[in-house]
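S.K.: Numbering (this note's numbering), first residue to last: 334 to 1072.
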C-alpha cells in the first residue's frame, strides 16, 4: 500500500460562481510504477513522457505518465469534443462546460451525458487583426486557453492537460491553401486530463503517484470507481518487412532542386521538406518505446496511446517551447552530421560540423526566425541567445544547437509563446508562411502529428513541450517514420536525401528488433544609452517575413508606439497620424506586395520611410531604379560594409559585419539621380539607399539579425533612423532621464 505523504486542496471558481474543489493526494509510488504504465499503454489510453538525456541548465532526468485519463479534449479545425470516460469525470466535465459556456467566441452544441460538443467562432468577415494579436486570433486555442486558465492553481502543480498537437494547426493562423487531401479521421489535437499521474524527481528511484479527487455541483468523483479506457494495439496481419517510401528514387532530390530555385528567386531562405517511410509494425508500442529509450537517449521520449488505433512513439531531441513563470525558452537545432565510429572520429565530425559555413548559416537563420517568434510576445530587449552552436550528441547524429530565452511581456502567457513559435523554423523553413506553402505543395503526404508538438500545460502555469520529430506514427498497425532535412541554396540534394534516411534509420530499426548499440556565448541585453522615442507613432508594414517581430522589437526598445499590419490594411492605417513607415523585409519581389503603392502614399502624405531588404528594393524601383539577381543568394551570411558615415550610418565604424538574406539587389548603375548610395558590401553590392531630398532611407541588410548585433550595430542604426524623422531631427531623440 502506498504511503500517503501530502494532501493539497484547491478551490476553483467557475464563471457562474460555483466552486470545483480539487483534492490532490501525493504518495510514494510502488516500485516499477512507471514501467507498468508503459506496458499498460498497449491496451488503454494515456501517455508516458521521459527524459534520459542531461544537459546543464537545459535538460535533466525525469519520468512522467498516466493511464486511463478522466477527460479527453479532441479537435479538428474549429470543432472540438470534451468527453468524460466514466462517472468519476462527471463533475469535472460539468465544470468545463460552465467555463466554455461563458467563454466569448465559443458556441456549444447539444450535449450528450458524457460529451460536450462545441466550436470556435471565426473572425468576422472583413475584420483585420494586428500581427501583435496573432496569438489571440479566434482558433481552437481559444477553447484550450479557457480550460487551462480555469484549472490553474499553485496547489495543483502538475495537474493539467497533456497530449499532442498536430501540424495542421498552423493553417488556422495563416492564409495557406491546403493542397493535399486529408483523411476524414485526422485529428489536430488530443489532450488528456488525468485523475492520477506518476512522476519521478531527479535521482529518485520510486517517484510519487498523485491522485486527484473532484467535487462539483453534487458530483463527487470519489463516489465512483476508476475505469479502464480500452484502446488496444491491433497488429497488422501483413507479415511484410519491406519499407515503403512516399517518394520514388530521385523525387526527394528534385524537391531540393526546386527549393534551391526558390532560394535563388528570393522567395525562401531555407526549407525543410520531408519524406515518409512506412512498414507494418509487429512489435507492441511499449516494446518499441523501450528500445528507443535504450538506444536513443533523448530529452523528450514519449509513448502516447491516442485512441482510434493511433499511437505516437518518439525520442525527440528538440525542445519546442518551455515556459516557467515569465521565462520562455527554445532550443532550435540545425546543423547535422553522422556520429563517428568512436570518440576520436566524433571529435573529427564535430570539427567538420563547426567549420561548415552551410551548417552555420542554417542555424543562424533558424535562430533569427526563433528570436522573431519571441519578439511578438516578449519584453523588448529581453531575448538572449544563451548558447550558440552548442554540440549535442545523439545515438547516430551530432547536432549544433542554440539556446534562446526571453521574458514574456505583460498580458502574454505560455500559450501565446506556443502559438507565436508555430511551427518551429527547424521543421518548416523561412520565411515561415512561404515555406509552409512550399511544403504543402511539394510533400507527398500530410504530416499529421509530425512537426507539431507533444507535452503538457500544467496547473502551476508552466508549459513544457517538444517538437514531435524523430518518432513513429502508428495508425491501424502501420508504422510511419517521417524525416526531413534543412535545405539551403548551398545544399547538395543527394546529401540531404541521405540525411533524411540517417535520421529515420534508428526509428525504423527499433520497430522489429533490438538495434545495435563548447563554450556558451550569451548576447547581452541591448543598451539604449538613455534615448527614447516616446511620442513617435510608427507603422510597420509586414511583408510576410519571418523577421518582422524582431525588427519591431528593436524599434520598440526606444519606446515609440508601433503597430504592425500586412500591406493592404497598412496603407489604410497611414491616414491615422503616422510619423514613420517601416517597410519590412519579405520574400518575393516588391510587386508581390504592391510596395509602389505603399511608398507612393507615404510620400504623398509626407511620412518618412525606412526600408529593410525588400523595403530597399521597393524604394529603388519606386524612384526609377532596376533590380538584379545575384549569381548566388546571400542567405544567413555575414558581410562587411563600407559607408559614407552620415544619416543612418552616423558614428558607425567602417567595415562592420551585417547579415544578408537576399537574392535581389539594386543595380548601382541604374540607381536614379534622386537616390544616393550610402553603403556597399565588400563585394560591391548596394547595401544602403537614401533619397537626396525626401526623408526616405533604406538598407539591404538586416539590422535585427544576430550577425548585425555585434557591437549593437543594429540598434545604433535604428537609433540613427529614428533621429532622421523630421519631427525629431532638430534635437535628436530625447534622453529618457531628461527632466
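Yeah, the Cβ is synthetic: ideal placement off N, Cα and C, and Gly gets one too.
Is it buried or exposed for residue 680, if we count other Cβ within 10 angstroms and need 16 for buried?
M.R.: Exposed, because fewer than 16 other Cβ atoms sit within 10 Å of the Cβ of residue 680.
S.K.: Tell me which same chain residues have a C-beta within less than 6 angstroms of the C-beta of residue 840, skipping the five on either side of it?
M.R.: The residues are 805, 814.
S.K.: Can you give me the C-alpha to C-alpha distance between residue 834 and residue 579, rounded to a whole angstrom?
M.R.: Looking at the two C-alpha atoms, the distance is approximately 13 angstroms.
S.K.: Taking the straight line between their C-alpha atoms, what separation do you get for residue 857 and residue 737?
M.R.: With a pLDDT of 36 at residue 857, under the threshold of 50, the predicted position of this residue should be treated as unreliable, and no value is reported.
S.K.: If you run the structure through DSSP and keep just helix, strand and coil, what is residue 881?
M.R.: Correct three-state label for residue 881: helix.
S.K.: Go ahead and label residue 466 buried or exposed: buried means 16 or more other beta carbons lie within 10 angstroms of its beta carbon, across all protein chains shown.
M.R.: Exposed, because fewer than 16 other Cβ atoms sit within 10 Å of the Cβ of residue 466.
S.K.: Could you tell me whether the stretch 988 to 1004 touches the stretch 966 to 976, using the rule of 3 or more Cβ pairs below 8 angstroms?
M.R.: As far as the Cβ criterion goes, the stretch 988 to 1004 touches the stretch 966 to 976, which means the pair count is three or higher.
S.K.: With a threshold of 8 angstroms on Cβ separation, who are the neighbours of residue 641 within its own chain once the five nearest residues in sequence on each side are excluded?
M.R.: If we look at residue 641 and ignore the five residues flanking it on each side, its Cβ neighbours are 518, 520, 564.
S.K.: Report the residue ranges of all alpha helix (DSSP H) runs contained in full by the stretch 471 to 553; include only those spanning at least 4 residues, in chain order.
M.R.: Runs found: 473 to 483.
S.K.: Who are the near neighbours of residue 740 in its chain, counting only those whose CB is closer than 7 angstroms to its CB and skipping five residues on each side?
M.R.: Same-chain partners within the cutoff: 659, 660, 711, 712, 715.
S.K.: Alpha carbon to alpha carbon, how far is residue 897 from residue 468? Give it in angstroms, no decimals.
M.R.: So the two alpha carbons sit approximately 14 angstroms from each other.
S.K.: Kindly indicate the opening and closing residues of the beta strand (DSSP E) around residue 873.
M.R.: Note, residue 873: beta strand (DSSP E), 870 to 875.
S.K.: To the nearest angstrom, how far is it from the Cα of residue 928 to the Cα of residue 948?
M.R.: Each residue's alpha carbon lies about 8 angstroms from the other.
S.K.: Tell me where the alpha helix (DSSP H) around residue 319 begins and ends.
M.R.: Because the chain here runs from 334 to 1072, residue 319 falls outside it and cannot be looked at.
S.K.: Could you name each continuous beta strand (DSSP E) segment of 3 residues or more that falls completely within the stretch 736 to 796, going from the start of the chain to the end?
M.R.: Whole beta strand (DSSP E) segments, 3+ residues: 786 to 791.
S.K.: On the DSSP bridge list, what partners appear for residue 607?
M.R.: Answer is 817, bridged to residue 607.
S.K.: According to the neighbour-count rule (16 or more other Cβ atoms, all chains shown, within 10 Å of its Cβ), is residue 524 buried or exposed?
M.R.: Residue 524 should be labelled buried.
S.K.: Between the stretch 942 to 959 and the stretch 784 to 802, are three or more C-beta pairs nearer than 8 angstroms?
M.R.: At 8 angstroms Cβ cutoff, the stretches do not touch.
S.K.: Can you give me the C-alpha to C-alpha distance between residue 719 and residue 673, rounded to a whole angstrom?
M.R.: Using only the alpha carbons, I get a separation of about 28 angstroms.
S.K.: DSSP three-state label for residue 850, please.
M.R.: A caution first: residue 850 carries a pLDDT of 41, below 50, which makes its placement in the model unreliable, though a value can still be read off. Looking at residue 850 - three-state DSSP - the assignment turns out to be coil, as it is neither helix nor strand.
S.K.: Kindly indicate which three-state DSSP category residue 1033 falls into: helix, strand or coil?
M.R.: DSSP places residue 1033 in coil when its eight states are reduced to three.
S.K.: If distances are taken between C-alpha atoms only, which option among 522, 393, 357, 445 comes closest to residue 531?
M.R.: The residue with the shortest Cα to Cα distance from residue 531 is 357.
S.K.: If we count the other Cβ atoms within 10 Å of its Cβ and call it buried at 16 or more, is residue 606 buried or exposed?
M.R.: Per the 10 Å Cβ criterion, buried.
S.K.: Keeping to the same chain, check which residues put their C-beta closer than 8 angstroms to that of residue 585; ignore five residues upstream and five downstream.
M.R.: Cβ neighbours of residue 585 beyond the five flanking positions: 606, 608, 826, 829, 830, 833.
S.K.: Hey, out of 1059, 556, 539, whose CA is closest to residue 546's CA?
M.R.: Ranking the options by Cα distance to residue 546, first place goes to 556.
S.K.: Sort 695, 652, 655 by Cα distance to residue 668 and report the nearest one.
M.R.: Out of 695, 652, 655, 695 has the C-alpha closest to the C-alpha of residue 668.
S.K.: When you compare only the Cα positions, how much space is there between residue 759 and residue 553?
M.R.: If I take the Cα positions, the gap works out to 46 angstroms.
S.K.: Kindly list the residues whose CB is nearer than 8 angstroms to the CB of residue 888, restricted to its own chain and excluding five residues on each side of it in sequence; keep chain order.
M.R.: Taken in chain order, the residues that qualify are 866, 871, 873, 895, 915, 1051, 1055.
S.K.: Identify whether residue 857 lies in helix, strand or coil by the three-state DSSP scheme.
M.R.: For residue 857, the pLDDT reaches just 36, beneath the cut-off of 50, and the residue's location in the model is therefore unreliable, leaving the point undetermined.
S.K.: Counting pairs of Cβ atoms below 8 angstroms between the stretch 611 to 623 and the stretch 632 to 641, do you hit three or more?
M.R.: The stretch 611 to 623 is in contact with the stretch 632 to 641.
S.K.: Take the Cβ of residue 575 as the centre, count every other Cβ of all protein chains shown within 10 Å, and call the residue buried at 16 or more, exposed below.
M.R.: That one is exposed.
S.K.: Does residue 614 come out as helix, strand or coil in the three-state DSSP assignment?
M.R.: Note: residue 614 maps to coil in three-state DSSP.
S.K.: Which same chain residues, not among the five before or five after residue 902, have their C-beta less than 7 angstroms away from its C-beta?
M.R.: These residues qualify, in order along the chain: 461.
S.K.: What does residue 971 pair with, by DSSP beta-bridge criteria?
M.R.: DSSP, once it has assigned bridges, lists 992 as partnering residue 971.
S.K.: Please go through the same chain and pick out, in chain order, the residues whose beta-carbon is closer than 7 angstroms to the beta-carbon of residue 657, but skip the five residues on each side of it.
M.R.: Here the set comprises 795.
S.K.: Need the endpoints of the beta strand (DSSP E) that residue 1039 sits in, please.
M.R.: From DSSP, residue 1039 is part of no beta strand (DSSP E); its letter is neither H nor E.
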